[in-house]
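Asks: With positions in the sequence shown counted from 1, the corresponding number in my numbering is that position plus 25. Take a look at this one; I'll ask things after.
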Amino acid sequence: MSIFGSTGVVGKLGLAVVSDLSSEWQVATLSAGQQMDVLAEQIRIYHPEYVSVGDEAAYRRLLEEFDGALPCDVGIGDDGLVAAANVSSDLVLTAIVGAKGLIPTWTAMARGARIGLANKETLVAAGHLVMEHARRHKAEIIPVDSEHSAVFQSLLAGRRQDVASFWVTASGGPFREWPKVQIEQASRAEALRHPNWKMGEKITVDSASMMNKGFEVIEAHHLFGAPYDKIKVLVHPQSIVHSLVEYEDGAVLAELATHDMRIPVQYAFTYPERRENRARRLTLQDMSCLTFEEPDMERFPCLRLAYQAGVAGDFATCVVNAANEIVVAAFLAGRVRFGRIPEVIEEVLSVAECYRPQSLDDILYIDANARALASRVLDS
Numbered sequence: 026m027s028i029f030g031s032t033g034v035v036g037k038l039g040l041a042v043v044s045d046l047s048s049e050w051q052v053a054t055l056s057a058g059q060q061m062d063v064l065a066e067q068i069r070i071y072h073p074e075y076v077s078v079g080d081e082a083a084y085r086r087l088l089e090e091f092d093g094a095l096p097c098d099v100g101i102g103d104d105g106l107v108a109a110a111n112v113s114s115d116l117v118l119t120a121i122v123g124a125k126g127l128i129p130t131w132t133a134m135a136r137g138a139r140i141g142l143a144n145k146e147t148l149v150a151a152g153h154l155v156m157e158h159a160r161r162h163k164a165e166i167i168p169v170d171s172e173h174s175a176v177f178q179s180l181l182a183g184r185r186q187d188v189a190s191f192w193v194t195a196s197g198g199p200f201r202e203w204p205k206v207q208i209e210q211a212s213r214a215e216a217l218r219h220p221n222w223k224m225g226e227k228i229t230v231d232s233a234s235m236m237n238k239g240f241e242v243i244e245a246h247h248l249f250g251a252p253y254d255k256i257k258v259l260v261h262p263q264s265i266v267h268s269l270v271e272y273e274d275g276a277v278l279a280e281l282a283t284h285d286m287r288i289p290v291q292y293a294f295t296y297p298e299r300r301e302n303r304a305r306r307l308t309l310q311d312m313s314c315l316t317f318e319e320p321d322m323e324r325f326p327c328l329r330l331a332y333q334a335g336v337a338g339d340f341a342t343c344v345v346n347a348a349n350e351i352v353v354a355a356f357l358a359g360r361v362r363f364g365r366i367p368e369v370i371e372e373v374l375s376v377a378e379c380y381r382p383q384s385l386d387d388i389l390y391i392d393a394n395a396r397a398l399a400s401r402v403l404d405s
């Protein structure tokens, strides 16, 4: 198997699953951006034949970790990601954060690999093109996000044409009960204090703004062929019901589990089989008080923007994703207040040149332009 983003939270879980299923899986490739000390340790344990790193500086640091004698081939930057994705493997876990994850996902699909998709931005930025590309090359996509994994599993009990509604659940994040004026002034530390999940910084901020949930709505549209008016969001603070599927006959199917990403990660490895894992088991006490509420799009405008972009199409979702990456990075760097995140995204979306992307190059062009626009808005 190949793991892109192996030094992140999901990538590390993927390697933990490899260790648990060591008789069945070997690591072919790993990729990491900058955490070369972590990558070096992974190389020593899992012995990949190829690794990809973010840039020349990262390569030099990795070289130092091995005293100049690297035990595997190493690629750098986008070219390294493409080369790594072309190494033969049965499963490709794409866990890179951001639109950068589109490159290895697209490349691996072209050789018909099974994709364990943990990178949200691939479908947000280029959903229709990616799904067409996967169908053309018969590349199977197994979603790794807990919400989409839950929908995927619930759909095994029925036909997609018989679905009345998809319900994607959200914890509500750290600001679920905060007034809007307080949310807009939230600090970096407050935004990174997620009540349930341990994630990387960017996705944790996206969860606090509920842009993460908006991205998951867009992903669900592409993964399951669902119109946006059939995809609903429910705030569920306990994070036990990971999503629900309502069928035309009134039956509602859901996947319930503890909030441990090991479960959907391992399921992507073993599907259609299920194996024992080290995740804590759900108890009846855990299920004794499950609550659900409608999201407040006035307090969380990023969710509204994601729905609007989804309805508008791939151009708009690509712009929203790119602008969000830029402004979230600025927030994490202390350059802007939390309330600027939706403001910058909406401004970029209103002025970006609009056209329907026809190719991956079009997507990359739209992405680059939107990032430049967002940077100019931040500097103005």
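For every residue, glycine included, the Cβ atom is placed at its ideal position computed from N, Cα and C. None of the values given here were measured: they were computed from a predicted structure.
Taking only beta-carbon atoms, is residue 394 less than 7 Å away from chain D?
Replies: Although the question refers to chain D, the structure presented lacks it and comprises just one protein chain.
Asks: Going by C-alpha to C-alpha distance, which of 27, 35, 26 sits closest to residue 289?
Replies: Checked all of 27, 35, 26; the closest Cα to residue 289 is 35.
Asks: Could you name the residues of the same chain whose beta carbon sits closer than 8 Å to that of residue 180, not counting the 5 residues immediately before and after it, in chain order?
Replies: Same-chain partners within the cutoff: 188, 249, 270.
Asks: In the structure shown, what three-state DSSP assignment does residue 52 receive?
Replies: The answer is coil: DSSP assigns residue 52 none of H, G, I, E or B.
Asks: Under the DSSP definition of a beta bridge, which residues are partnered with residue 296?
Replies: Beta-bridge pairing links residue 296 to no other residue.
Asks: List the DSSP bridge partners of residue 269.
Replies: Paired residue(s): 192, 279.
Asks: Where are the beta strand (DSSP E) runs, 3 residues long or more, that stay fully inside the region 87-129, in chain order?
Replies: Counting only runs of 3 or more, we get 98-101, 116-119.
Asks: With which residues is residue 139 paired in a DSSP beta bridge?
Replies: DSSP, once it has assigned bridges, lists 116 as partnering residue 139.
Asks: Name the residue from 376, 38, 253, 57 whose alpha carbon lies nearest to the alpha carbon of residue 123.
Replies: Per the Cα distances, 57.
Asks: Below 8 Å on the Cβ atoms is my guess for residue 70 versus residue 96; work out the distance and round it to an integer in Å.
Replies: The pair is not a contact, with the Cβ atoms about 12 Å apart (cut-off 8 Å).
Asks: For the 8 Å Cβ check, are there 3 or more pairs between the region 272-292 and the region 153-164?
Replies: Result no; under three Cβ-Cβ pairs closer than 8 Å.
Asks: Taking C-beta to C-beta, are residue 103 and residue 128 nearer than 7 Å?
Replies: Yes, Cβ-Cβ distance for residue 103 and residue 128 is below 7 Å.
Asks: According to the Cβ coordinates, are residue 236 and residue 349 closer than 7 Å?
Replies: Yes, the Cβ-Cβ distance between residue 236 and residue 349 is below 7 Å.
Asks: Put residue 29 into one of helix, strand or coil per three-state DSSP.
Replies: Note: residue 29 maps to strand in three-state DSSP.
Asks: Pairing CB atoms from the region 255-264 with CB atoms from the region 140-157, are three or more of them under 8 Å?
Replies: The region 255-264 vs the region 140-157: no contact.
Asks: Go through its chain and collect everything with a Cβ distance to residue 203's Cβ below 8 Å, but skip five positions before and after it.
Replies: Contacts found: 211, 324.
Asks: Taking residue 89 as the reference, which of 239, 62, 200 has the closest Cα?
Replies: Checking every option, the nearest Cα to that of residue 89 belongs to 62.
Asks: Can you check which of these residues, 329, 255, 298, is closest to residue 186 by C-alpha distance?
Replies: With distances taken between Cα atoms, residue 186 lies closest to 255.
Asks: Is there contact between the region 315-335 and the region 226-245, where contact requires at least three CB pairs shorter than 8 Å?
Replies: At 8 Å Cβ cutoff, the stretches touch.
Asks: Closest to residue 169 by CA distance: which of 125, 113, 296 is it?
Replies: Closest by alpha carbon: 296.
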